[in-house]
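Numbering (our numbering), first residue to last: 1 to 342.
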């Protein structure tokens with residue numbers, strides 16, 4: 001039932017045409033990837049046995065279940081196999097705590113929301129521009145445009161829509177729409193560059209989010225040993241360092257708890273197997289390197305679109321080329337040749 005509900009929500013993160021390839025990697029592919037991984041971990045965490053503990057023989061089945069539930073809820077701590085547990089103080093045990101594994105599904109869902117958020121910002125702000133960008137892109141890329149009558153009808157429809165948008169721009173001061181007030185707050189000339197500025201802002205949000213996720217992942221996994229988790233994990237793999245030595249995503253940990261027997265408190269230290277960490281390790285290594293690739297692509301995409309805005313000559317050349325193909329007479333350097341910056 002939970003899976004059906006989550007899959008039904010996928011339509012709200014469906015793909016649209018008003019983004020470039022890198023944008024879709026953020027708001028569509030990565031968002032759905034994180035949701036899928038969250039579901040996968042949730043099945044193991046809530047539907048299986050994410051932790052199994054070795055308890056004393058005197059414990060009944062109920063006590064064993066109690067110990068495992070307690071250790072799952074109250075965190076465990078890692079001690080290397082070569083270290084004597086008796087030599088570890090209570091303060092040191094607290095510093096060795098592993099407290100992230102219960103929250104992995106929720107953390108992944110929160111990350112999915114962060115990757116979706118810039119697109120929601122873009123949709124809201126561009127939706128108040130008066131220009132239906134996604135509809136224009138769909139009509140201009142319609143494969144039926146090879147038919148002259150359909151092409152002519154689409155061009156006329158887009159022309160009428162853009163004329164209406166320009167009229168909207170002229171009467172903008174009469175409207176009290178929140179996005180426009182925000183833009184005017186920063187003295188941005190809406191009629192000339194509103195959509196452009198909002199799109200660049202969205203690009204920057206994508207870039208800021210993915211770079212932040214790399215740092216947040218380090219903090220969430222409590223990997224103070226590594227400045228960058230992914231590189232550290234790769235070095236451990238190349239050097240043959242196992243989790244018993246590094247303590248990162250340990251499969252075996254310890255748990256302390258008390259049992260009241262005949263009015264007295266009896267302390268127990270038991271050993272637990274964190275089965276869930278086998279999945280967690282693979283998932284976070286995959287995500288870290290995916291975020292790194294995404295950061296590189298996003299930075300390149302941001303620089304590309306910034307150059308398009310700063311240097312308008314390629315845009316002029318593009319428009320001039322298509323006007324020549326239409327056999328229209330024009331002066332590309334005259335005052336009548338207008339380049340509209342959306």
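Using N, Cα and C, we set each Cβ at its ideal position, and we do this for glycine too.
Cut-off 6 Å between Cβ atoms - residues of its own chain near residue i, not counting five sequence neighbours on either side
| i | result |
| --- | --- |
| residue 19 | none |
| residue 26 | 115 and 206 |
| residue 230 | 288 and 289 |
| residue 96 | 77 and 78 |
| residue 218 | 229 |
| residue 22 | 297, 298 and 301 |
| residue 93 | 77 |
| residue 31 | 13, 112, 115 and 116 |
| residue 256 | 269 |
DSSP-derived helix/strand/coil call for residue i
| i | result |
| --- | --- |
| residue 160 | helix |
| residue 77 | strand |
| residue 60 | coil |
| residue 5 | Any reading at residue 5 must be qualified, since the residue scores a pLDDT of 39, below 50, and its modelled position is unreliable; the value itself is stated next. DSSP places residue 5 in helix when its eight states are reduced to three. |
| residue 222 | coil |
| residue 83 | coil |
| residue 97 | strand |
| residue 41 | helix |
| residue 260 | strand |
| residue 273 | strand |
| residue 368 | A query on residue 368 cannot be resolved here, the shown segment of the chain reaching from 1 to 342 and no further. |
| residue 20 | coil |
| residue 343 | One cannot answer for residue 343 here, as it falls past the ends of the chain, which runs 1 to 342. |
| residue 136 | helix |
| residue 51 | strand |
Nearest-angstrom Cβ-Cβ length linking residue i and residue j, presumed shorter than 8 Å
| i | j | result |
| --- | --- | --- |
| residue 139 | residue 157 | 6 Å |
| residue 122 | residue 35 | The pair is not a contact, with the Cβ atoms about 20 Å apart (cut-off 8 Å). |
| residue 203 | residue 301 | 7 Å |
| residue 286 | residue 269 | Between residue 269 and residue 286 the Cβ distance is about 34 Å, and since that is not below 8 Å, they are no contact. |
| residue 195 | residue 136 | 11 Å between Cβ atoms; not a contact. |
| residue 291 | residue 210 | 6 Å |
| residue 271 | residue 252 | 6 Å |
| residue 305 | residue 201 | So it is not a contact: roughly 11 Å between Cβ atoms. |
Residues of its chain near residue i, where Cβ-Cβ distance is below 7 Å and the 5 sequence neighbours each way are ignored
| i | result |
| --- | --- |
| residue 100 | 220, 221 and 222 |
| residue 65 | none |
| residue 68 | 51, 52 and 53 |
| residue 189 | In this prediction, residue 189 has a pLDDT of 45, which is less than 50 and means its spatial position is unreliable; nothing more can be read from the coordinates. |
| residue 88 | 79 |
| residue 281 | 249 |
| residue 75 | 97, 98 and 99 |
| residue 70 | 257 |
Chain-order list of residues whose beta-carbon lies under 8 Å from that of residue i (same chain, five-residue window excluded)
| i | result |
| --- | --- |
| residue 266 | 258, 259 and 260 |
| residue 73 | 102 |
| residue 311 | none |
Check your understanding: Three or more C-beta pairs closer than 8 Å, one from the region 276–294 and one from the region 40–47: is that the case here?
Key -> Yes: at least three Cβ pairs fall under 8 Å.
Check your understanding: With contact counted as at least three CB pairs below 8 Å, one residue from each stretch, are the region 99–106 and the region 28–43 in contact?
Key -> Yes, since at least three Cβ pairs between the region 99–106 and the region 28–43 fall closer than 8 Å, the two stretches touch.
**Study point:** Segment contact flag, the region 115–131 with the region 46–60, C-beta cutoff 8 Å, min 3 pairs
**Key:** Output reads no: the region 46–60 does not touch the region 115–131.
Practice item. Mind the definition here: the region 289–299 touches the region 203–222 only if three or more C-beta pairs lie below 8 Å; say whether that holds. Key: In this structure the region 289–299 touches the region 203–222; the number of beta carbon pairs closer than 8 Å is three or more.
Point to revise | Minimum length 3: unbroken beta strand (DSSP E) runs contained in the region 281–321 | key: Taking 3 residues as the minimum length, the region 281–321 contains no beta strand (DSSP E) run wholly inside it.
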